[in-house]
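Numbering (this note's numbering), first residue to last: 14 to 110. Heads up: the structure comes next, in structure tokens.
In structure tokens, the structure reads:
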């Protein structure tokens, strides 16, 4: 299982700078990770089509991180205000249950 935000249509993978050492920003890193998660979800089906291997993409909803601290104001304040007090939970059960 991959925990991420599948299907986000923003951002791109910076193939020439995967670690974003030349032009790092929290937003750019997050958007790149979304695109990489999408590729991770597709790869098992393409590479192992006859093996039964699959990948499940799951969006956990709001997660508290330190990312807003790297954002410029006023975006930092808006992001923190939006995420304060947000709670998300999910129940995942196996297909056998």
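In this text, a Cβ means the ideal position worked out from N, Cα and C, and glycines have one as well. Computed from a predicted model, the values in this text were never measured in an experiment.
Do you know how far the Cα of residue 39 is from the Cα of residue 83? As a first step, residue 83 must be located in the chain shown, where it is residue number 70. As a first step, residue 39 must be located in the chain shown, where it is residue number 26. About 6 Å.
Where does residue 83 fall in DSSP's three states? The count along the chain shown starts at 1 and reaches residue 83 at position 70. If DSSP states are grouped into helix, strand and coil, residue 83 belongs with the helices.
When you compare the CB positions of residue 69 and residue 49, do they come within less than 8 Å of one another, or not? Counting from one through the chain shown, the residue named residue 69 turns up at place 56. Counting from one through the chain shown, the residue named residue 49 turns up at place 36. Not a contact, by the Cβ cut-off of 8 Å.
Got a sec? Which residues, its chain only, sit under 8 Å from residue 42 by beta carbon, not counting five neighbours each side? Residue numbering aside, residue 42 sits at position 29 when the chain shown is read from its first letter. If we look at residue 42 and ignore the five residues flanking it on each side, its Cβ neighbours are 33.
What separation, rounded to the nearest whole angstrom, lies between the Cα atoms of residue 91 and residue 80? Here residue 91 refers to the residue found at position 78 of the chain shown. Here residue 80 refers to the residue found at position 67 of the chain shown. If I take the Cα positions, the gap works out to 13 Å.
Nonlocal neighbours in the same chain, by C-beta distance under 7 Å from residue 114, ignoring five residues either side: What the structure shows of the chain is the stretch from 14 to 110, and residue 114 is not part of that stretch, so it cannot be assessed.
Would you mind reading off the limits of the alpha helix (DSSP H) that contains residue 59? Residue mapping note: residue 59 aligns to position 46 of the chain shown, counting from 1. Unbroken alpha helix (DSSP H) run through residue 59: 39 to 60.
How is residue 36 classed by DSSP in three states: helix, strand or coil? Along the chain shown, one-based indexing puts residue 36 at 23. Note: residue 36 maps to coil in three-state DSSP.
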